[in-house]
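**Student:** Every letter in the sequence shown is one number past the one before it in our numbering, and letter 81, counting from 1, is 81.
Cβ coordinates follow ideal geometry from the N, Cα and C atoms, glycine included.
I'd like to ask you about the structure that follows.
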Amino acid sequence: MNCPKCQKVLENGIFADVVYHKCKTCGGFWFDKDELREIKQNKDWFKLDSGVAGATSKTYKGELKCPRCDEKLHTIEYAQESGIRVDVCSECDGLWLDAGELKAMHEESAGWIDKLKEKAQEELIAIELFLIEAGKFSPQ
């Protein structure tokens, strides 16, 4: 398979018993269907990526083709308002990530977790205050 950005041969790698494909030239990654989901089960998944986010996406202007089935890749946003744009194949469900996008995805996910923790703490405090006012809870 060749890199959709620079057309160099993608090299195989193995992480958490999953084979992935990486371009040594531009630092991008190709994941076949569900491979990234499997890799993300390992807590160190983001360490695969040593690139800088957006390094190639700013320099490459053209239509990307799927390295697996040669269909056009479509750009989508990874998560609402994340600014992380990834390329997917609607035919084989493969996923292309530019250099740095794995790290950016990890940082975005970590941000969600922090926000959820803050929200949970706020909700817990609100419940405790309600129960104290109702006379059904005494803080220890």
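As a quick exercise: from R85, H74, I14 and A126, pick the residue whose alpha carbon is nearest that of K47.
**Tutor:** The shortest Cα separation from K47 among R85, H74, I14 and A126 belongs to I14.
**Student:** Specify, as a first and last residue, the run of the beta strand (DSSP E) that I84 falls within.
**Tutor:** From DSSP, I84 is part of no beta strand (DSSP E); its letter is neither H nor E.
**Student:** So L36 is in the alpha helix (DSSP H); what residue range does that whole segment cover?
**Tutor:** Per DSSP, L36 belongs to the alpha helix (DSSP H) from E35 to I39.
**Student:** Provide the residue(s) that pair with N2 in DSSP beta bridges, ordered along the chain.
**Tutor:** BP columns for N2 point to V9.
**Student:** Is it right to say I84 is buried, meaning 16 or more other beta carbons lie within 10 angstroms of its own, or is it exposed?
**Tutor:** The residue in question, I84, is buried, as its Cβ has 16 or more Cβ neighbours within 10 Å.
**Student:** Specify the secondary structure class of K119 as computed by DSSP and reduced to three states.
**Tutor:** Helix.
**Student:** Keeping to the same chain, check which residues put their C-beta closer than 8 angstroms to that of V9; ignore five residues upstream and five downstream.
**Tutor:** Within the same chain, V9 has close Cβ partners M1, N2 and C3.
**Student:** So the beta strand (DSSP E) E63 belongs to, where does it begin and stop?
**Tutor:** Careful: E63 lies outside any beta strand (DSSP E) and carries neither H nor E.
**Student:** Name, in chain order, the residues that DSSP records as bridge partners for W30.
**Tutor:** Answer is H21 and W96, bridged to W30.
**Student:** Based on the DSSP secondary-structure assignment, which residues constitute the bridge partners of E77?
**Tutor:** DSSP output for E77 lists R85 as bridge partner(s).
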